[in-house]
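Peer 1:
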Amino acid sequence: MDILQQMYDRARKNPQRIVLPEGDEPRTLEAANILLKDEVAKLILIGDPAVINKMAAEKGYEYISRATIFDPKSDPKMAEYSHLLYELRKAKGMTEEEAAKKAQDPLYLGCLMIKNGDADGELAGARGTTADTIRPAFQILKTKPGVSIVSGAFLMFTPAKQLGDNGFLLFADCAVNPCPNAQELAQIAISTAETARTIAGIEPRVAMLSFSTKGSAKHELIDKVTEATRIAHELAPDLALDGELQADAALVEKVGASKAPGSNVAGKANVLVFPDLQAGNIGYKLVERFSGADAVGPILQGIAAPVNDLSRGCKVQDIVQMVIITANQAIK
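If you're matching positions, the sequence shown starts at 253 in this note's numbering and goes up one per residue.
(1) If you check the beta carbons only, do residue 521 and residue 458 fall under 8 Å apart?
(2) Under 8 Å by Cβ, that's how I've got residue 364 and residue 392 pegged, so tell me the actual separation to the nearest angstrom.
(3) To the nearest angstrom, how far is it from the Cα of residue 527 to the Cα of residue 575?
(4) Is it buried or exposed, residue 517, if we count other Cβ atoms within 10 angstroms and call 16 or more buried?
(5) For residue 389 versus residue 296, is the C-beta distance shorter than 8 Å?
(6) Compare the beta carbon distance of residue 403 and residue 443 with 8 Å and say whether it is the shorter of the two.
(7) Considering only the alpha carbon of each residue, which of 468, 501, 436, 580 lies closest to residue 481?
(8) Can you give the beta carbon distance from residue 465 to residue 512, rounded, assuming they're within the 8 Å contact cut?
(9) Taking only three categories from DSSP, how would you classify residue 478?
(10) Measure the C-alpha to C-alpha separation of residue 352 and residue 341 and round it to an integer number of angstroms.
(11) Is the separation between the beta-carbon of residue 399 and that of residue 439 shorter than 8 Å?
(12) So what does residue 294 bridge to, in DSSP terms?
(13) Between residue 416 and the rest of its own chain, which residues show a CB-CB distance below 6 Å, the 5 nearest in sequence each way excluded?
(14) Between which two residues does the alpha helix (DSSP H) holding residue 362 run?
(15) So the beta strand (DSSP E) residue 496 belongs to, where does it begin and stop?
(16) Residue 280: which of 578, 446, 567 sits nearest, CA to CA?
(17) Here's the rule I'm using: 16 or more other beta-carbon atoms within 10 Å means buried, otherwise exposed. How should residue 426 be labelled?
(18) What three-state label does DSSP hand residue 548 in the structure shown?
(19) Checking 8 Å against the spacing of the C-beta atoms, do residue 450 and residue 584 come in under that value?
(20) Report the option in 407, 347, 300 whose CA atom is closest to the CA atom of residue 549.
(21) Since residue 362 and residue 292 are thought to touch, with beta carbons under 8 Å apart, how far apart are those beta carbons, to the nearest angstrom?
(22) Could you tell me which residues DSSP pairs with residue 530 in its beta bridges?
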(Lines of atoms letter the chains of each structure in order from A and count residues from 1; the text may use other names and numbers.)
(Lines give C-alpha, C1' and ligand atoms only; values in the text may rest on other atoms or scores of the structure.)
Protein backbone atom coordinates (compact mmCIF):
# COMPACT_ATOMS: atom_id res chain seq x y z
CA MET A 1 0.00 0.00 0.00
CA ASP A 2 3.03 2.31 -0.27
CA ILE A 3 1.48 3.78 -3.42
CA LEU A 4 -1.56 4.98 -1.45
CA GLN A 5 0.72 6.49 1.19
CA GLN A 6 2.63 8.33 -1.52
CA MET A 7 -0.62 9.71 -2.90
CA TYR A 8 -1.70 10.76 0.61
CA ASP A 9 1.59 12.58 1.17
CA ARG A 10 1.39 14.27 -2.22
CA ALA A 11 -2.15 15.48 -1.54
CA ARG A 12 -1.20 16.91 1.87
CA LYS A 13 1.70 18.84 0.36
CA ASN A 14 -0.50 20.38 -2.34
CA PRO A 15 -4.15 20.45 -1.16
CA GLN A 16 -6.67 20.59 -4.00
CA ARG A 17 -10.21 21.98 -4.04
CA ILE A 18 -12.41 18.90 -4.28
CA VAL A 19 -16.17 19.33 -4.51
CA LEU A 20 -18.47 16.73 -2.91
CA PRO A 21 -21.96 17.21 -4.38
CA GLU A 22 -23.52 14.84 -1.82
CA GLY A 23 -22.58 17.07 1.08
CA ASP A 24 -25.21 15.77 3.49
CA GLU A 25 -24.73 12.06 2.72
CA PRO A 26 -23.70 10.46 6.06
CA ARG A 27 -20.67 8.49 4.82
CA THR A 28 -19.50 11.42 2.74
CA LEU A 29 -19.73 13.75 5.72
CA GLU A 30 -17.76 11.36 7.94
CA ALA A 31 -15.09 11.00 5.26
CA ALA A 32 -14.96 14.78 4.85
CA ASN A 33 -14.29 15.19 8.56
CA ILE A 34 -11.34 12.77 8.33
CA LEU A 35 -9.90 14.49 5.26
CA LEU A 36 -10.29 17.95 6.75
CA LYS A 37 -8.70 16.86 10.01
CA ASP A 38 -5.66 15.57 8.08
CA GLU A 39 -5.67 18.62 5.78
CA VAL A 40 -5.53 16.38 2.72
CA ALA A 41 -7.86 18.53 0.61
CA LYS A 42 -9.83 21.77 0.58
CA LEU A 43 -13.37 20.43 0.47
CA ILE A 44 -16.48 22.07 -0.98
CA LEU A 45 -19.69 20.46 0.29
CA ILE A 46 -22.84 21.15 -1.70
CA GLY A 47 -26.01 21.26 0.37
CA ASP A 48 -28.02 23.13 2.97
CA PRO A 49 -25.57 24.54 5.55
CA ALA A 50 -28.11 24.17 8.36
CA VAL A 51 -28.60 20.48 7.59
CA ILE A 52 -24.88 19.75 7.17
CA ASN A 53 -23.85 21.63 10.30
CA LYS A 54 -26.60 19.95 12.34
CA MET A 55 -25.46 16.51 11.18
CA ALA A 56 -21.84 17.38 11.92
CA ALA A 57 -22.68 18.64 15.41
CA GLU A 58 -24.71 15.52 16.23
CA LYS A 59 -21.82 13.27 15.18
CA GLY A 60 -19.07 15.40 16.70
CA TYR A 61 -17.45 16.16 13.33
CA GLU A 62 -15.61 19.26 14.50
CA TYR A 63 -13.48 19.64 11.39
CA ILE A 64 -16.43 20.20 9.04
CA SER A 65 -16.06 23.87 9.99
CA ARG A 66 -12.98 23.89 7.73
CA ALA A 67 -15.06 23.05 4.67
CA THR A 68 -16.73 25.47 2.29
CA ILE A 69 -20.47 24.71 2.29
CA PHE A 70 -22.21 25.89 -0.87
CA ASP A 71 -25.99 26.25 -0.81
CA PRO A 72 -27.39 26.20 -4.38
CA LYS A 73 -30.70 27.59 -3.14
CA SER A 74 -29.29 30.85 -1.81
CA ASP A 75 -25.73 31.51 -3.00
CA PRO A 76 -25.59 34.56 -5.32
CA LYS A 77 -22.93 32.84 -7.45
CA MET A 78 -25.66 30.54 -8.81
CA ALA A 79 -26.51 33.16 -11.44
CA GLU A 80 -22.96 32.91 -12.76
CA TYR A 81 -23.09 29.12 -12.87
CA SER A 82 -26.48 28.95 -14.58
CA HIS A 83 -25.30 31.46 -17.21
CA LEU A 84 -22.18 29.35 -17.81
CA LEU A 85 -24.32 26.24 -18.31
CA TYR A 86 -26.57 28.13 -20.71
CA GLU A 87 -23.59 29.28 -22.77
CA LEU A 88 -22.20 25.74 -22.88
CA ARG A 89 -25.49 24.07 -23.83
CA LYS A 90 -27.50 26.66 -25.79
CA ALA A 91 -26.33 25.17 -29.08
CA LYS A 92 -28.00 21.94 -27.92
CA GLY A 93 -31.28 23.78 -27.38
CA MET A 94 -31.04 24.53 -23.65
CA THR A 95 -32.93 27.67 -22.59
CA GLU A 96 -31.85 30.05 -19.83
CA GLU A 97 -34.73 28.80 -17.67
CA GLU A 98 -33.67 25.19 -18.17
CA ALA A 99 -30.07 26.07 -17.37
CA ALA A 100 -31.08 27.80 -14.13
CA LYS A 101 -33.01 24.70 -13.07
CA LYS A 102 -30.34 22.20 -14.14
CA ALA A 103 -27.58 24.16 -12.38
CA GLN A 104 -29.39 23.44 -9.09
CA ASP A 105 -28.55 19.76 -9.54
CA PRO A 106 -25.47 19.21 -7.33
CA LEU A 107 -23.84 16.92 -9.91
CA TYR A 108 -24.13 19.58 -12.61
CA LEU A 109 -23.14 22.28 -10.15
CA GLY A 110 -19.96 20.44 -9.16
CA CYS A 111 -18.83 20.25 -12.77
CA LEU A 112 -19.73 23.91 -13.33
CA MET A 113 -17.53 24.85 -10.37
CA ILE A 114 -14.62 23.01 -11.99
CA LYS A 115 -15.31 24.55 -15.41
CA ASN A 116 -15.46 28.01 -13.82
CA GLY A 117 -12.11 27.51 -12.07
CA ASP A 118 -13.60 27.36 -8.57
CA ALA A 119 -12.76 23.69 -7.90
CA ASP A 120 -10.11 21.23 -9.07
CA GLY A 121 -12.02 17.94 -8.99
CA GLU A 122 -15.22 16.18 -7.97
CA LEU A 123 -16.23 12.93 -6.27
CA ALA A 124 -19.81 11.66 -6.21
CA GLY A 125 -21.87 8.50 -6.55
CA ALA A 126 -22.66 7.44 -2.98
CA ARG A 127 -26.32 8.09 -3.80
CA GLY A 128 -26.53 7.91 -7.59
CA THR A 129 -25.46 5.82 -10.56
CA THR A 130 -22.28 6.03 -12.60
CA ALA A 131 -24.34 7.48 -15.46
CA ASP A 132 -25.62 10.24 -13.15
CA THR A 133 -22.02 11.21 -12.34
CA ILE A 134 -20.60 10.95 -15.86
CA ARG A 135 -23.41 12.71 -17.79
CA PRO A 136 -22.74 16.22 -16.44
CA ALA A 137 -19.00 15.71 -16.84
CA PHE A 138 -19.49 14.84 -20.52
CA GLN A 139 -21.73 17.83 -21.13
CA ILE A 140 -19.75 20.44 -19.19
CA LEU A 141 -16.11 19.33 -18.97
CA LYS A 142 -15.98 16.98 -21.99
CA THR A 143 -13.09 14.61 -22.69
CA LYS A 144 -9.36 15.27 -22.93
CA PRO A 145 -7.96 16.28 -26.32
CA GLY A 146 -7.56 13.22 -28.52
CA VAL A 147 -9.75 11.08 -26.24
CA SER A 148 -13.34 10.21 -27.10
CA ILE A 149 -14.10 7.67 -24.37
CA VAL A 150 -14.27 7.68 -20.57
CA SER A 151 -13.14 4.50 -18.84
CA GLY A 152 -12.68 3.18 -15.33
CA ALA A 153 -9.48 1.70 -13.88
CA PHE A 154 -8.97 -0.14 -10.61
CA LEU A 155 -5.80 -0.14 -8.55
CA MET A 156 -5.33 -3.78 -7.54
CA PHE A 157 -3.20 -4.49 -4.48
CA THR A 158 -2.76 -8.28 -4.49
CA PRO A 159 -0.84 -10.66 -2.23
CA ALA A 160 0.81 -12.23 -5.30
CA LYS A 161 4.09 -10.34 -4.98
CA GLN A 162 5.60 -12.15 -7.98
CA LEU A 163 3.07 -10.50 -10.32
CA GLY A 164 2.91 -6.95 -11.67
CA ASP A 165 4.94 -4.53 -9.56
CA ASN A 166 5.32 -6.43 -6.30
CA GLY A 167 1.68 -7.53 -6.50
CA PHE A 168 0.32 -4.18 -7.70
CA LEU A 169 -1.53 -3.90 -11.03
CA LEU A 170 -4.05 -1.70 -12.82
CA PHE A 171 -7.16 -3.25 -14.42
CA ALA A 172 -9.30 -1.46 -17.05
CA ASP A 173 -12.00 -0.95 -18.21
CA CYS A 174 -13.94 -2.45 -15.33
CA ALA A 175 -16.65 0.17 -14.87
CA VAL A 176 -17.95 2.08 -17.88
CA ASN A 177 -17.94 0.68 -21.44
CA PRO A 178 -19.83 -2.57 -22.14
CA CYS A 179 -18.25 -3.28 -25.53
CA PRO A 180 -15.55 -0.85 -26.73
CA ASN A 181 -14.47 -1.06 -30.35
CA ALA A 182 -10.81 -1.34 -31.36
CA GLN A 183 -10.24 2.44 -31.46
CA GLU A 184 -11.85 2.87 -28.05
CA LEU A 185 -9.94 -0.07 -26.58
CA ALA A 186 -6.68 1.52 -27.73
CA GLN A 187 -7.64 4.79 -26.03
CA ILE A 188 -8.51 2.92 -22.83
CA ALA A 189 -5.06 1.31 -22.88
CA ILE A 190 -3.30 4.67 -23.30
CA SER A 191 -5.45 6.35 -20.63
CA THR A 192 -4.70 3.54 -18.18
CA ALA A 193 -0.98 3.79 -18.89
CA GLU A 194 -1.21 7.50 -18.09
CA THR A 195 -2.99 6.68 -14.82
CA ALA A 196 -0.22 4.22 -13.98
CA ARG A 197 2.41 6.91 -14.45
CA THR A 198 0.70 9.94 -12.94
CA ILE A 199 -1.29 8.39 -10.09
CA ALA A 200 0.57 5.20 -9.16
CA GLY A 201 4.02 6.46 -10.13
CA ILE A 202 5.00 3.30 -12.03
CA GLU A 203 6.19 2.77 -15.58
CA PRO A 204 3.37 0.91 -17.37
CA ARG A 205 3.74 -2.40 -19.15
CA VAL A 206 0.38 -2.87 -20.84
CA ALA A 207 -1.13 -6.22 -21.81
CA MET A 208 -4.09 -6.29 -24.20
CA LEU A 209 -5.92 -9.36 -22.95
CA SER A 210 -7.77 -11.99 -24.96
CA PHE A 211 -8.39 -15.74 -24.96
CA SER A 212 -5.60 -16.05 -27.52
CA THR A 213 -1.88 -15.31 -27.48
CA LYS A 214 -0.24 -14.15 -30.70
CA GLY A 215 -2.62 -15.94 -33.05
CA SER A 216 -3.09 -19.16 -31.07
CA ALA A 217 -6.80 -18.92 -31.90
CA LYS A 218 -8.89 -17.22 -34.58
CA HIS A 219 -12.06 -15.23 -33.87
CA GLU A 220 -13.50 -11.77 -34.54
CA LEU A 221 -13.23 -10.98 -30.81
CA ILE A 222 -9.49 -11.60 -31.04
CA ASP A 223 -9.31 -9.47 -34.18
CA LYS A 224 -10.64 -6.51 -32.19
CA VAL A 225 -7.84 -6.84 -29.63
CA THR A 226 -5.10 -7.18 -32.24
CA GLU A 227 -6.43 -4.14 -34.08
CA ALA A 228 -6.59 -2.18 -30.81
CA THR A 229 -2.97 -3.15 -30.17
CA ARG A 230 -1.97 -1.87 -33.60
CA ILE A 231 -3.79 1.44 -33.07
CA ALA A 232 -2.30 1.90 -29.59
CA HIS A 233 1.20 1.41 -31.00
CA GLU A 234 0.49 4.13 -33.58
CA LEU A 235 -0.88 6.53 -30.96
CA ALA A 236 1.83 5.86 -28.36
CA PRO A 237 4.84 4.27 -30.07
CA ASP A 238 7.07 4.55 -26.99
CA LEU A 239 4.61 2.77 -24.68
CA ALA A 240 5.49 -0.78 -23.60
CA LEU A 241 2.31 -2.50 -24.84
CA ASP A 242 1.64 -5.88 -26.38
CA GLY A 243 -1.25 -8.09 -27.43
CA GLU A 244 -3.13 -10.12 -27.91
CA LEU A 245 -2.11 -11.96 -24.73
CA GLN A 246 -3.82 -14.49 -22.51
CA ALA A 247 -3.78 -13.58 -18.83
CA ASP A 248 -1.15 -16.18 -17.91
CA ALA A 249 1.08 -15.09 -20.77
CA ALA A 250 0.77 -11.50 -19.61
CA LEU A 251 1.54 -12.20 -15.96
CA VAL A 252 3.73 -15.31 -15.59
CA GLU A 253 7.31 -14.98 -16.81
CA LYS A 254 7.77 -18.60 -17.81
CA VAL A 255 4.45 -18.72 -19.67
CA GLY A 256 5.12 -15.40 -21.35
CA ALA A 257 8.52 -16.54 -22.57
CA SER A 258 6.97 -19.68 -24.03
CA LYS A 259 3.86 -18.18 -25.64
CA ALA A 260 5.18 -14.75 -26.67
CA PRO A 261 8.99 -14.93 -26.96
CA GLY A 262 10.63 -11.57 -27.47
CA SER A 263 7.71 -9.59 -26.06
CA ASN A 264 8.63 -6.61 -23.87
CA VAL A 265 5.41 -7.08 -21.86
CA ALA A 266 4.61 -10.80 -21.71
CA GLY A 267 5.31 -12.26 -18.28
CA LYS A 268 5.75 -8.88 -16.61
CA ALA A 269 2.62 -6.82 -17.33
CA ASN A 270 1.44 -4.41 -14.64
CA VAL A 271 -1.51 -2.97 -16.59
CA LEU A 272 -4.22 -5.33 -17.83
CA VAL A 273 -6.66 -4.05 -20.45
CA PHE A 274 -9.72 -6.28 -20.75
CA PRO A 275 -11.52 -6.68 -24.09
CA ASP A 276 -14.92 -5.68 -22.71
CA LEU A 277 -16.73 -4.71 -19.53
CA GLN A 278 -18.00 -8.20 -18.77
CA ALA A 279 -14.46 -9.58 -18.66
CA GLY A 280 -13.08 -6.58 -16.76
CA ASN A 281 -15.78 -6.39 -14.11
CA ILE A 282 -15.85 -10.14 -13.53
CA GLY A 283 -12.05 -10.30 -13.56
CA TYR A 284 -11.38 -7.67 -10.91
CA LYS A 285 -14.09 -9.02 -8.62
CA LEU A 286 -12.78 -12.59 -8.89
CA VAL A 287 -9.25 -11.44 -8.06
CA GLU A 288 -10.58 -9.37 -5.17
CA ARG A 289 -12.63 -12.20 -3.66
CA PHE A 290 -10.38 -15.19 -4.32
CA SER A 291 -7.05 -13.62 -3.43
CA GLY A 292 -8.07 -11.08 -0.81
CA ALA A 293 -6.81 -8.27 -3.01
CA ASP A 294 -7.73 -4.66 -2.30
CA ALA A 295 -9.46 -3.05 -5.29
CA VAL A 296 -9.39 0.75 -5.20
CA GLY A 297 -11.54 2.58 -7.72
CA PRO A 298 -12.91 2.96 -10.24
CA ILE A 299 -10.73 5.87 -11.27
CA LEU A 300 -12.46 7.60 -14.17
CA GLN A 301 -10.10 8.31 -17.07
CA GLY A 302 -10.41 10.50 -20.13
CA ILE A 303 -12.42 13.39 -18.67
CA ALA A 304 -10.84 16.82 -19.16
CA ALA A 305 -10.81 17.37 -15.38
CA PRO A 306 -10.85 14.92 -12.45
CA VAL A 307 -14.36 13.57 -11.80
CA ASN A 308 -14.68 10.25 -10.00
CA ASP A 309 -17.51 7.92 -9.16
CA LEU A 310 -18.34 5.91 -6.04
CA SER A 311 -20.29 2.72 -5.55
CA ARG A 312 -23.58 3.23 -3.73
CA GLY A 313 -22.33 0.53 -1.36
CA CYS A 314 -19.09 2.39 -0.63
CA LYS A 315 -17.55 2.63 2.80
CA VAL A 316 -16.18 5.75 4.47
CA GLN A 317 -12.60 4.63 3.79
CA ASP A 318 -13.45 4.22 0.09
CA ILE A 319 -14.52 7.85 -0.04
CA VAL A 320 -11.36 8.99 1.75
CA GLN A 321 -9.18 7.05 -0.70
CA MET A 322 -11.05 8.32 -3.76
CA VAL A 323 -10.80 11.96 -2.65
CA ILE A 324 -7.04 11.46 -2.31
CA ILE A 325 -6.89 9.91 -5.78
CA THR A 326 -8.99 12.72 -7.25
CA ALA A 327 -6.64 15.25 -5.65
CA ASN A 328 -3.66 13.48 -7.18
CA GLN A 329 -5.28 13.59 -10.61
CA ALA A 330 -5.78 17.33 -10.16
CA ILE A 331 -2.16 17.83 -9.09
CA LYS A 332 -0.88 15.99 -12.16
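We put the beta carbon where it would ideally sit given N, CA and C, even for glycine. Since we're looking at a predicted model, the values are computed, not measured.
Peer 2: Well, looking at it:
(1) Result yes, Cβ atoms of residue 521 and residue 458 sit closer than 8 Å.
(2) Sure, about 6 Å apart at Cβ, within 8 Å.
(3) Their backbone Cα atoms lie some 28 Å apart in a straight line.
(4) Result: buried.
(5) No. Outside cutoff.
(6) Contact flag set, yes.
(7) Nearest of 468, 501, 436, 580 to residue 481, Cα basis: 436.
(8) At roughly 6 Å, the Cβ-Cβ gap stays under 8 Å, so residue 465 and residue 512 are in contact.
(9) Assigned with DSSP and collapsed to three states, residue 478 falls in helix.
(10) So the alpha carbons of these two residues sit roughly 12 Å apart.
(11) Closer than 8 Å, so yes.
(12) Residue 294 has 269 as its beta-bridge partners, per DSSP.
(13) Taken in chain order, the residues that qualify are 522.
(14) For residue 362, the enclosing alpha helix (DSSP H) has its first and last residue at 358-367.
(15) 492-497 is the span of the beta strand (DSSP E), which, as asked, contains residue 496.
(16) Of the residues 578, 446, 567, the one whose Cα lies closest to the Cα of residue 280 is 567.
(17) That one is buried.
(18) Here residue 548 sits in strand by DSSP.
(19) The Cβ atoms of residue 450 and residue 584 sit closer than 8 Å to each other.
(20) Of 407, 347, 300, the residue nearest in Cα terms is 407.
(21) Beta-carbon to beta-carbon, residue 362 and residue 292 are separated by about 18 Å, too far to satisfy the 8 Å threshold.
(22) DSSP output for residue 530 lists no bridge partner at all.
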